[in-house]
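The structure appears below as structure tokens.
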Amino acid sequence: MKIKRLGRTGLKVSEICLGTMTFGNQADEQTAFAIMDIADHAGINFIDTADVYPLGGNLEQTGSTEIIVGNWLKQRGARNRVVLATKCRGAMSADPNDEGLSRRHIIAACEASLKRLQTDFIDLYQVHWPD
Numbered sequence: 000m001k002i003k004r005l006g007r008t009g010l011k012v013s014e015i016c017l018g019t020m021t022f023g024n025q026a027d028e029q030t031a032f033a034i035m036d037i038a039d040h041a042g043i044n045f046i047d048t049a050d051v052y053p054l055g056g057n058l059e060q061t062g063s064t065e066i067i068v069g070n071w072l073k074q075r076g077a078r079n080r081v082v083l084a085t086k087c088r089g090a091m092s093a094d095p096n097d098e099g100l101s102r103r104h105i106i107a108a109c110e111a112s113l114k115r116l117q118t119d120f121i122d123l124y125q126v127h128w129p130d
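Numbering that gives the first Met the number 0 puts the first residue of the sequence shown at 0, with every later residue one more than the last.
Right, dumping it as structure tokens:
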């Protein structure tokens with residue numbers, strides 16, 4: 000797998016990034032683990048997720064993709080070999096302040112992602128789409 004620098008971050012990532020937006024809805028945890036195992040074995044060290052995933056889910060499923068990714072990272076002891084990217088912006092509940100790009104929501108969303116991902120750091124934190 001080719002490795003490239005990620006902009007000016009100092010991080011080195013695989014040329015291919017594994018997207019996870021179907022984990023927890025179209026792909027259950029067992030299937031998602033198999034996909035991440037194959038990617039890991041192929042040398043993919045870059046995983047992208049988001050707080051609002053899985054795609055096509057409902058508010059009750061929101062965040063389940065990050066939980067699955069976090070479970071895999073922990074069970075496989077993979078956190079130190081993976082560059083982890085996640086995002087915030089979308090509605091996480093019916094609370095009108097639990098979405099968007101306010102300072103309040105970004106901080107709360109980041110803290111919640113850290114818990115779901117079972118890690119104390121996120122390598123690349125992004126805005127999913129503008130307000």
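Where a beta carbon is used, it is the ideal one built from N, C-alpha and C, also for glycine.
Quantities reported herein were computed from a predicted structural model and do not represent experimental measurements.
Which residue's Cα is closest to the Cα of R88: A111, E28, Q29?
A111
Strand pairing of Q87, partner residues [DSSP]:
Gln is not the amino acid found at residue 87; the sequence shown has Cys there. Partner(s): V126.
Whose C-alpha, out of L113, N70, V51, is nearest the C-alpha of A93?
V51
Smallest Cα separation from R68: which of A33, H40, M0?
The question names Arg, but residue 68 is Val in the sequence shown. Here the closest residue by C-alpha is A33.
Can you give the Cα-Cα distance for C16 and F45, rounded to whole angstroms?
5 Å
Completely contained alpha helix (DSSP H) runs for the region 12 to 45, where each covers 4 or more residues
28 to 40
Please state if the CB of F22 and the CB of T85 are separated by a distance shorter than 8 Å.
no
First and last residue of the alpha helix (DSSP H) that includes K1?
Looking at the DSSP string, K1 is not in any alpha helix (DSSP H), and its letter there is neither H nor E.
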